[in-house]
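Note that the protein sequences, when read in sequence, are chains A and B. Residues in the first sequence are numbered consecutively from 381, following the working numbering. Residues in the second sequence are numbered consecutively from 381, following the working numbering. For glycine and all other residues, C-beta sits at the position ideal for the given N, C-alpha and C. Being a predicted model, the structure only gives us computed values, none of them experimental.
There are 2 protein chains.
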Amino acid sequence: MTTSPKMKTSNLPSTKSPDNSGRKLSKFLCFAVYSANLAFGRAYKPILDELGLTYTQYIALQALSEGDEQTVGELGEKMFLESNTLTPILKKLELAGYVRRQRDAADERQVRVTLTSAGRRLLDTDPAASLMDATGLGGADFAEVQESVTRLRDNLLRATRARSEKS
Amino acid sequence: MTTSPKMKTSNLPSTKSPDNSGRKLSKFLCFAVYSANLAFGRAYKPILDELGLTYTQYIALQALSEGDEQTVGELGEKMFLESNTLTPILKKLELAGYVRRQRDAADERQVRVTLTSAGRRLLDTDPAASLMDATGLGGADFAEVQESVTRLRDNLLRATRARSEKS
DNA sequence: TCCAATTTAATCGCATGCGATATATATAAG
DNA sequence: CTTATATATATCGCATGCGATTAAATTGGA
Numbered sequence: 381m382t383t384s385p386k387m388k389t390s391n392l393p394s395t396k397s398p399d400n401s402g403r404k405l406s407k408f409l410c411f412a413v414y415s416a417n418l419a420f421g422r423a424y425k426p427i428l429d430e431l432g433l434t435y436t437q438y439i440a441l442q443a444l445s446e447g448d449e450q451t452v453g454e455l456g457e458k459m460f461l462e463s464n465t466l467t468p469i470l471k472k473l474e475l476a477g478y479v480r481r482q483r484d485a486a487d488e489r490q491v492r493v494t495l496t497s498a499g500r501r502l503l504d505t506d507p508a509a510s511l512m513d514a515t516g517l518g519g520a521d522f523a524e525v526q527e528s529v530t531r532l533r534d535n536l537l538r539a540t541r542a543r544s545e546k547s
Numbered sequence: 381m382t383t384s385p386k387m388k389t390s391n392l393p394s395t396k397s398p399d400n401s402g403r404k405l406s407k408f409l410c411f412a413v414y415s416a417n418l419a420f421g422r423a424y425k426p427i428l429d430e431l432g433l434t435y436t437q438y439i440a441l442q443a444l445s446e447g448d449e450q451t452v453g454e455l456g457e458k459m460f461l462e463s464n465t466l467t468p469i470l471k472k473l474e475l476a477g478y479v480r481r482q483r484d485a486a487d488e489r490q491v492r493v494t495l496t497s498a499g500r501r502l503l504d505t506d507p508a509a510s511l512m513d514a515t516g517l518g519g520a521d522f523a524e525v526q527e528s529v530t531r532l533r534d535n536l537l538r539a540t541r542a543r544s545e546k547s
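Structure follows, in structure tokens:
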């Protein structure tokens, strides 16, 4: 969260300032991302409801389609989540029949997760295809926004990691 | 969520296809936004922990700084949330002393919410100032990404709204 | 070999989001 | 005036995220 550097100086005092116009929510990049994420979830909802999936479950299936026999940890690296969040989600996907979970025989600590044929079939229908239009972005803009947001994410994670290592 | 149209055709069969390279998570705009939102939350966490605030509570305070005596509904329009989510958050902020909540005398259905002087003081310290660097974006890029993501959000919400009205 | 440190998942508690519903107030119809 | 409808907020249940802890398996060192 940040105000632009320019506004910052003109915005400092405010012990009594009734003028907070420089602090509008719309100026915050973090809020843009926060609310865009809510908007994506709402756009997906009607489609995923029909499939009995949640947004996160759907993303997990996509991540699982990248490779068979992934461990929970590997999946977590892709999704930026850990087992505390993933385990309950994967159990639900298993119960729904989209995923198979089993301990690795060579290392019983790990759990290997793989899409079932039902899971693969579901993704092959490309349920979210209709949402392309909803973004209002042409192919070029789409790729551009996708790339800037990804870079932003990686910058934030790198900075956060650096901070926590310093302490 | 979408694969690029080009890849889609080359990706259809997969009854046995081990090649799902066209379906990589990194190709999904929704995942970029999803994970960037997680990254923002993690970047804010150490700062907000010191203040005893959560990320959403912090955003709510920012929204409240835009005007005094906002109703829950008005705040919800800014944050894209409704009373089911906001009420518990506002009660916590009230308990923490950053916010005042009181029924509107003229219309007892509404609740007016206003920052206390403690709440205003907290925002005046600009706790998230240090995160500007973490974005890795210069002022120009910052504004540009902010604007594209906001437009994306508004497109999605408009499309979602249109769909739900048609049904 | 034996045992302490490490690694991987899973569990638990708390704070959102959100659909569905409940409650209280205000407004409109008759 | 009385009642039906509409509106604003709050409550409840479920599904994430996430810090803290636990449990089980593996690894490394004495």
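Practice item. Within the same chain, show all residues whose beta-carbon is closer than 7 Å to that of residue 462 (chain A), passing over the 5 residues directly before and after it, in chain order. Key: Position 82 of the first sequence holds residue 462 (chain A). Same-chain partners within the cutoff: 456.
Exercise for review: Taking only the alpha-carbon atoms, compute the straight-line gap between residue 393 (chain B) and residue 408 (chain A) and give it to the nearest angstrom.
Suggested key: Counting from 1 along the second sequence, the entry for residue 393 (chain B) is found at position 13. Counting from 1 along the first sequence, the entry for residue 408 (chain A) is found at position 28. Its pLDDT being 38, under 50, residue 393 (chain B) is placed unreliably in this model, and the value from its coordinates should be taken loosely. Near 43 Å, if we compare the C-alpha coordinates of residue 408 (chain A) and residue 393 (chain B).
Check your understanding: Are the C-beta of residue 437 (chain A) and some C-beta of chain B separated by less than 7 Å?
Key -> Taking the first sequence and counting its residues from 1, one reaches residue 437 (chain A) at position 57. Answer no: the Cβ-Cβ gap between residue 437 (chain A) and chain B never drops below 7 Å.
Exercise for review: Take the Cβ of residue 401 (chain A) as the centre, count every other Cβ of all protein chains shown within 10 Å, and call the residue buried at 16 or more, exposed below.
Suggested key: For this step, residue 401 (chain A) is matched to residue 21 along the first sequence. Because the pLDDT of residue 401 (chain A) is 44, which lies under 50, any placement of that residue in the model is unreliable, and the number read from its coordinates should be weighed accordingly. Answer is exposed; the Cβ neighbour count stays below 16.
Review point. On the three-state DSSP scale, how would you describe residue 450 (chain B)?
Key: Locating residue 450 (chain B) in the second sequence gives position 70, where the first residue counts as 1. Three-state DSSP puts residue 450 (chain B) in a strand.
**Study point:** Proximity test, Cβ basis, 7 Å: residue 467 (chain B) and chain A
**Key:** By 1-based counting over the second sequence, the position of residue 467 (chain B) is 87. Not one chain A Cβ lies under 7 Å of residue 467 (chain B).
Point to revise | Top-ranked residue by Cα proximity to residue 486 (chain B), from B:449, B:543 and B:540 | key: Position 106 of the second sequence, counting from 1, holds the residue named residue 486 (chain B). Of B:449, B:543 and B:540, the residue nearest in Cα terms is B:449.
Practice item. Please state if the CB of residue 509 (chain B) and the CB of residue 477 (chain B) are separated by a distance shorter than 7 Å. Key: Position 97 of the second sequence holds residue 477 (chain B). Position 129 of the second sequence holds residue 509 (chain B). No.
Check your understanding: Whose C-beta lies closer than 6 Å to the C-beta of residue 428 (chain A) among residues of the same chain, with five residues either side of it excluded?
Key -> Looking up residue 428 (chain A) in the first sequence gives position 48. Excluding sequence neighbours, residue 428 (chain A) sits near 438.
Point to revise | chain A residues whose Cβ lies nearer than 8 Å to that of residue 528 (chain B) | key: As a first step, residue 528 (chain B) is located in the second sequence; it is residue number 148 there, counting from the start. Those within 8 Å of residue 528 (chain B) in chain A are 521, 524, 525 and 528.
**Study point:** For residue 422 (chain B), the three-state DSSP class (helix, strand or coil)
**Key:** What you label residue 422 (chain B) is simply residue 42 of the second sequence in a count that begins at 1. In the structure shown, residue 422 (chain B) sits in a helix (DSSP, three-state: H, G or I).
Practice item. Count the other C-beta atoms from every protein chain shown that fall within 10 angstroms of the C-beta of residue 445 (chain B), then say buried if there are 16 or more, exposed otherwise. Key: Taking the first residue of the second sequence as 1, we reach residue 445 (chain B) at position 65. Buried, because 16 or more other Cβ atoms sit within 10 Å of the Cβ of residue 445 (chain B).
Point to revise | Short CB-CB distance (under 7 Å) between residue 442 (chain A) and chain B | key: One-based indexing of the first sequence puts residue 442 (chain A) at position 62. Output row for residue 442 (chain A): interface = yes.
Exercise for review: Under 8 Å Cβ to Cβ from residue 490 (chain A), same chain only, skipping five residues before and after it: list those, please.
Suggested key: As a first step, residue 490 (chain A) must be located in the first sequence, where it is residue number 110. Around residue 490 (chain A): 451, 452, 453, 483 and 484.
Exercise for review: Ignoring anything shorter than 4 residues or poking outside the region 425–511 of chain B, list the alpha helix (DSSP H) runs there in chain order.
Suggested key: 435–444, 452–459, 463–475 and 497–504
Review point. For residue 517 (chain B), does the three-state DSSP call read helix, strand or coil?
Key: By 1-based counting over the second sequence, the position of residue 517 (chain B) is 137. It is coil, neither helix nor strand.
Point to revise | residue 411 (chain B) in three-state terms, based on DSSP | key: Numbered from its first residue, the second sequence carries residue 411 (chain B) at position 31. Residue state, collapsed to three classes: helix.
Practice item. Determine whether the Cβ of residue 464 (chain B) lies closer than 7 Å to any Cβ atom of chain A. Key: To locate residue 464 (chain B), count along the second sequence from 1; it is residue 84. No - not a single Cβ of chain A is within 7 Å of the one on residue 464 (chain B).
Exercise for review: Rounded to whole angstroms, what's the CA-CA distance from residue 468 (chain B) to residue 433 (chain B)? Just pull it up for me.
Suggested key: Along the second sequence, one-based indexing puts residue 468 (chain B) at 88. Along the second sequence, one-based indexing puts residue 433 (chain B) at 53. Whole-angstrom Cα-Cα distance: 14 Å.
Check your understanding: So, helix, strand or coil for residue 528 (chain B), using DSSP?
Key -> Position 148 of the second sequence, counted from the start, is the residue given in the question as residue 528 (chain B). Of the three classes helix, strand and coil, the one that applies to residue 528 (chain B) here is helix, per DSSP.
Review point. Buried or exposed: which applies to residue 416 (chain B), given that a residue is buried once 16 or more other Cβ atoms fall within 10 Å of its Cβ?
Key: Numbered from its first residue, the second sequence carries residue 416 (chain B) at position 36. Label assigned to residue 416 (chain B): buried.
Check your understanding: Are the CB atoms of residue 419 (chain A) and residue 537 (chain B) nearer to each other than 7 Å?
Key -> Taking the first residue of the first sequence as 1, we reach residue 419 (chain A) at position 39. Taking the first residue of the second sequence as 1, we reach residue 537 (chain B) at position 157. Yes, the Cβ-Cβ distance between residue 419 (chain A) and residue 537 (chain B) is below 7 Å.
Practice item. My understanding is that residue 458 (chain A) touches residue 443 (chain A), with C-beta atoms under 8 Å, so please give their C-beta distance in whole angstroms. Key: If you number the first sequence from 1, residue 458 (chain A) lands on position 78. If you number the first sequence from 1, residue 443 (chain A) lands on position 63. So it is a contact: roughly 5 Å between Cβ atoms.
Review point. For residue 516 (chain A), which residues in chain B fall below 9 Å Cβ to Cβ?
Key: Numbered from 1 along the first sequence, position 136 holds the residue referred to as residue 516 (chain A). What residue 516 (chain A) touches in chain B: 531, 532, 534, 535, 536, 538 and 539.
Review point. Residue 513 (chain A) touches chain B at which residues, Cβ-Cβ below 8 Å?
Key: Numbered from 1 along the first sequence, position 133 holds the residue referred to as residue 513 (chain A). In chain order: 539.
Check your understanding: Quick one: Cα of residue 495 (chain B) to Cα of residue 431 (chain B), how far?
Key -> Against the second sequence, residue 495 (chain B) aligns to sequence position 115. Against the second sequence, residue 431 (chain B) aligns to sequence position 51. Those two C-alpha atoms are separated by around 16 Å.
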